[in-house]
Amino acid sequence: MPLFKLFVTILNIPRIIPSFILFCLKINDCEDDVKQALIHRHFNSNIFIGFCYLMVFDKTFRNIFYKRIGKLKYFVYYFMLPHDSFVIATYMDCGKGFLGIHPITTFVNADKVGENFTVRNNVTIGASKTGRPTIGNNVIVNANSLIAGKVNIGNNVVVGGGTIVMKDIPDNCVVVGNPAYILYQNDVRVNRPL
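See the structure below:
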């Protein structure tokens, strides 16, 4: 960690302590989120120092942390405010390893999100009259994408930038376009509509 960021983190310790206590109580729920965020930032540190660093310098990580601790967030919320344009549904079942990469104006409102889910900026994952999406493990949703309705997104799926998904996606796919089509499935180029 650069010396300046270490100094700023140390100065913020009084603000971090309440969140740190809740992190220690909920470490099984939060640990993989911290690890994913630190790997993305190429930050090699122990998990406790990494947590403090993320709470100080990454407002969007705070949103994920507050989702994990549930209603306990109201005890620490005002010490370190979350990012106001990254919204994660509170009732959503969310797997470990959730990562937001610059998730500005991003809304995640699914029935379930699997493990190692990555979301980028300007993404909307939401409901329609039919219901909310279910997203599998190891899914990446890239910028400016929309996933709406009661659709199932399989495991190991990449949703390309600007893609609009209104139908189910099978496992091991790369999906792009509007309307969305499968570009790759099982590492073979197929160019097949959903």
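Residue numbering for the sequence shown follows the working numbering, beginning at 742 and increasing consecutively.
C-beta atoms are modelled at their ideal positions from N, C-alpha and C, and glycine is treated no differently.
Given the structure is predicted, the values throughout are model-derived calculations rather than measurements.
Could you spell out the range, first to last residue, of the alpha helix (DSSP H) harbouring R873?
-> Neither: R873 is in no alpha helix (DSSP H) and is coded neither H nor E.
Which residue from P755, K814, T750 and D773 puts its Cα closest to that of D799?
-> Closest in C-alpha terms to D799, from the list P755, K814, T750 and D773, comes T750.
State the CB to CB distance for the pair P844 and F816, rounded to an integer number of angstroms; the pair is presumed to be in contact (CB under 8 angstroms).
-> With a beta-carbon spacing of about 24 angstroms, P844 and F816 fall beyond the 8 angstroms limit used to define contacts.
Name the two residues that bound the continuous alpha helix (DSSP H) containing F816.
-> Counting along the chain, the unbroken alpha helix (DSSP H) around F816 starts and ends at K814 to V817.
If you compare alpha carbons, which of L822, K808 and A884 is closest to N862?
-> Distances from the CA of N862 to each of L822, K808 and A884 were compared; the closest alpha carbon is that of A884.
Which two residues bound the contiguous alpha helix (DSSP H) that contains V775?
-> Residues I768 to H781.
Residue of V860, I923 and N932 minimising C-alpha distance to I805 = Taking only the C-alpha atoms, the option nearest I805 is V860.
Terminal residues of the beta strand (DSSP E) in which L924 lies = Run containing L924: Y922 to Q926, per the beta strand (DSSP E) assignment.
Contacts around C771, its chain only, beta-carbon distance under 7 angstroms, and the 5 residues preceding and following it disregarded | Annotation for C771: F764, F806 and R809 place their beta carbon closer than 7 angstroms to its own, counting only its chain and skipping 5 residues before and after.
The alpha helix (DSSP H) with R809 in it runs from where to where?
-> From DSSP, the alpha helix (DSSP H) with R809 extends over K800 to I810.
Reducing DSSP to helix, strand and coil, say where V854 ends up.
-> Here DSSP, grouped into helix, strand and coil, assigns V854 to strand.
Local conformation of V892 per DSSP, three classes | Of the three classes helix, strand and coil, the one that applies to V892 here is coil, per DSSP.
CA-to-CA distance, F848 to T865, given in whole angstroms | The alpha-carbon atoms of T865 and F848 are separated by roughly 5 angstroms.
Proximity winner among F784, N927 and N785, relative to G895 (alpha-carbon distances) | Check the Cα spacing between G895 and each of F784, N927 and N785: the tightest is with N927.
Would you say G872 and F858 are within 8 angstroms of each other, going by their C-beta atoms?
-> With contacts defined by Cβ atoms closer than 8 angstroms, G872 and F858 do not form a contacting pair.
Just curious, the alpha helix (DSSP H) that V749 is in, first and last residue?
-> From DSSP, the alpha helix (DSSP H) with V749 extends over L744 to L752.
Kindly indicate which residue of F789, G902 and I780 has the alpha-carbon position closest to the one of L840.
-> Ranking F789, G902 and I780 by Cα distance to L840 puts I780 first.
What residues match up with R933 in a beta bridge as DSSP calls it?
-> Answer is I923, bridged to R933.
Assign L795 to one of two classes, buried (16 or more other C-beta atoms within 10 Å of its C-beta) or exposed (fewer than that).
-> If you draw a 10 Å sphere on the C-beta of L795, you find 16 or more other C-beta atoms in it, and that means buried.
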